[in-house]
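S.K.:
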């Protein structure tokens, strides 16, 4: 069990991704990185930034960062704590969250919605892997 | 949280006269050359002129519009700076209008860079109107739009809830001239959207009603609209059914018939409605084999449409049979082979078909999410017309 928003949680996520055949297969041609922002809300007094580097079906890095300008990712996804909790616990579909604007996808300098749409299965598996992480929530 | 979006709808005889009530000085019409030739754009511009509004036409929309076409439209709309953007035509024209109006707000963005979770506030410049000339896609009542990425030969489902038209005008005069084959293709699309909207795992009480009523209207009137194109009542009912189905699946999402049909359409250029209608019964059989819940939902449709009234199993199999018999009666293909696709070419394309279907959101909004192996079998069975037995 790892606390949400810690490097220990990131390490488990990276491990889960690299052990997932389904994700690896679906993302075998994916090239791109993300920052997931957990906005200041609920138990969080400051936002959390998680950097995720994915390349050809391999998770090359998953890191909690304090300075979001450390990386210039292709995509940034931002949501309040309560929404991430529901997505990660499989109570809210990540696509549904985006459509209803409960979460926000922000394309960086290179990312487009078209690119994400070509990897729907990979995105789905990416979320599925989070559900497998034993998570200690902050509230 | 979930949301339900719908346009303001003017419908029925002489509904185009609603144009006399809109405010604004300039309208930018997004359409295609054929709609102009048929005199359908003139029906709209006559109304605009009577009101003293100026208008400009962008008529370069092709079936399943490309990102390049949207870029051209985006340049034109920014030069014109209208108060209204009006999509007149089938789904392609209405979808193009949604994509083009976004360029008014953000001319700097590429057409595939608009993100569903963002807000672009194009309404501070112009409002969006949709006037369908087919009874099929339901695009007049959905916020999503489909564009073609020609680089990857892939259809992109894009849009934000903001792209829901402000106004949809359903005037049966606009669909009276539809040839039988388009009536059939688009009618099968309505059927698929209604059924899939009603059975989507994102479906709610808000989307159930429109979906169910749309399906019943299709069973009652599609054959008549196909055989007697001048039957005003049948045309009107199909037009309403299309919009209702749009309200259902547009808020609840479609399903496997759409994701497999999209894949077939993208590779073998089978018209959208024909492709999704072809896969509908196969994917229903697949879903039923994995879920009692979905069986009950299909049975509800069957009973509501007065197709059958026995056990859930009986109702469901009668519904699927009814879909096939309706399709047959309006000249629709029942198998991929019927579409004239060569067996070897089809077999060679299976990995690509599977990959495309796998990467559609609609593959994940069904009660039984297929893995690649199952999708492969669905495509194979649909070529020869084998009943899904797995």
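Residue numbers (my numbering), protein chains in the order written: chain A, 8 to 146; chain B, 211 to 600. Think of the CB as a built atom: it goes at the ideal place given N, C-alpha and C, for glycine as much as any other residue.
Nearest-angstrom Cα distance between residue 136 (chain A) and residue 261 (chain B)?
M.R.: Whole-angstrom Cα-Cα distance: 58 Å.
S.K.: Flag this pair as touching only if the segment 234-247 of chain B and the segment 267-280 of chain B have three or more C-beta atom pairs under 8 Å; answer yes or no.
M.R.: The segment 234-247 of chain B, when compared against the segment 267-280 of chain B, does touch it at the 8 Å Cβ threshold.
S.K.: For the beta strand (DSSP E) holding residue 378 (chain B), just list the boundary residues, first then last.
M.R.: Element bounds for residue 378 (chain B): 377-380.
S.K.: Could you name the residues of the segment 101-129 of chain A whose beta carbon sits closer than 7 Å to any beta carbon of chain B, in the order they occur along the chain?
M.R.: Against chain B - using a Cβ distance shorter than 7 Å - the residues of the segment 101-129 of chain A are 102, 103, 105, 106, 107, 108, 109, 110, 111, 112, 114, 119, 120, 121, 124, 125, 126, 127 and 128.
S.K.: Given the structure, does residue 234 (chain B) come close to the ligand SAM, in the sense that its CB is under 7 Å from one of the ligand's heavy atoms?
M.R.: By its list of ligands, the structure shown contains no ligand whatsoever, and the ligand SAM lies outside what it can speak to.
S.K.: Could you give the DSSP three-state label for residue 276 (chain B): helix, strand or coil?
M.R.: DSSP places residue 276 (chain B) in strand when its eight states are reduced to three.
S.K.: Do residue 305 (chain B) and residue 366 (chain B) have their CB atoms nearer than 8 Å?
M.R.: Not in contact: residue 305 (chain B) and residue 366 (chain B) (Cβ atoms no closer than 8 Å).
S.K.: Suppose the cutoff is 8 Å on Cβ atoms and the five residues either side in sequence are ignored; what does the same chain contact list for residue 35 (chain A) look like?
M.R.: Here the set comprises 63 and 64.
S.K.: DSSP state of residue 445 (chain B), grouped into three classes?
M.R.: In this structure, residue 445 (chain B) counts as helix in the three-state DSSP scheme.
S.K.: Count the other CB atoms, across all protein chains shown, that sit within 10 Å of the CB of residue 26 (chain A); report buried if there are 16 or more and exposed otherwise.
M.R.: When all chains shown are included, residue 26 (chain A) counts as exposed.
S.K.: So with CB distances below 8 Å, who are the chain A contacts of residue 211 (chain B)?
M.R.: Neighbours of residue 211 (chain B) on chain A, chain order: 107 and 109.
S.K.: Please report the residue range of the beta strand (DSSP E) in which residue 267 (chain B) lies.
M.R.: That run of the beta strand (DSSP E) goes 264-268.
S.K.: Nearest-angstrom Cα distance between residue 96 (chain A) and residue 458 (chain B)?
M.R.: So the two alpha carbons sit approximately 27 Å from each other.
S.K.: Taking one C-beta from the segment 369-378 of chain B and one from the segment 467-482 of chain B each time, how about it: are there three or more such pairs within less than 8 Å?
M.R.: No, they do not touch.
S.K.: Give the DSSP-derived three-state secondary structure of residue 297 (chain B) in the structure shown.
M.R.: Reduced to three states, the DSSP call for residue 297 (chain B) is strand.
S.K.: With a threshold of 8 Å, are at least 3 pairs of Cβ atoms found where one atom belongs to the segment 489-503 of chain B and the other to the segment 523-538 of chain B?
M.R.: Because the criterion of three Cβ pairs below 8 Å is met, the segment 489-503 of chain B and the segment 523-538 of chain B touch.
S.K.: Along chain D, in chain order, which residues have C-beta atoms closer than 7 Å to that of residue 131 (chain A)?
M.R.: Of the chains in the structure shown, none is chain D; the protein chains are A and B.
S.K.: Which value, in whole angstroms, describes the spacing of the CA atoms of residue 100 (chain A) and residue 406 (chain B)?
M.R.: About 18 Å.
S.K.: If you draw a straight line from the C-alpha of residue 501 (chain B) to the C-alpha of residue 105 (chain A), how long is it?
M.R.: Spanning the two alpha carbons is a distance of roughly 27 Å.
S.K.: Over what stretch of residues does the beta strand (DSSP E) that includes residue 86 (chain A) continue unbroken?
M.R.: Residues 82-87.
S.K.: Can we say the segment 122-130 of chain A touches the segment 562-573 of chain B, given the rule of at least three CB pairs closer than 8 Å?
M.R.: At 8 Å Cβ cutoff, the stretches touch.
S.K.: What is the DSSP secondary structure of residue 259 (chain B), counted as helix, strand or coil?
M.R.: In this structure, residue 259 (chain B) counts as helix in the three-state DSSP scheme.
S.K.: For the segment 439-486 of chain B, which segments carrying the alpha helix (DSSP H) assignment without a break, of at least 4 residues, lie completely within its bounds, in sequence order?
M.R.: Listed in chain order, the complete alpha helix (DSSP H) runs (minimum 4 residues) inside the segment 439-486 of chain B are 442-462 and 466-478.
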